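To keep things clear, I will list the structure first and then write my remarks on it.
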Amino acid sequence: MKRLIVLSAGLSTPSTTRQVADTIASAVSSAVGGRGEKLKVTTIE
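Per the UniProt record's numbering, the very first residue in the sequence shown carries number 1; after that it's consecutive.
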């Protein structure tokens, strides 16, 4: 299993930085899943 750590530090709610981080994490997760691998995503704000 692969791991992805996503860091964001936006100040507003919802944070644009967090939205971009979530979009990137989703794209990476889809790409890894498409190769038949598992991915654990951990988000840190």
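Ideal placement from N, C-alpha and C gives every residue a C-beta, glycine not left out. Since the model is a prediction, treat every value here as computed from it, not as a measurement.
| Check | Outcome |
| --- | --- |
| If you follow the beta strand (DSSP E) that R3 is part of, which residue opens it and which one closes it? | 2 to 7 |
| The ligand GDP and G36: does any heavy atom of the ligand fall closer than 7 Å to the residue's C-beta? | Absence of the ligand GDP is noted for the structure shown, with no ligands found whatsoever. |
| Using 10 angstroms around the beta-carbon of A21, count the other beta-carbons present and answer buried if the total reaches 16, otherwise exposed. | buried |
| Going straight from the alpha carbon of S26 to that of M1, what length do you get? | 16 Å |
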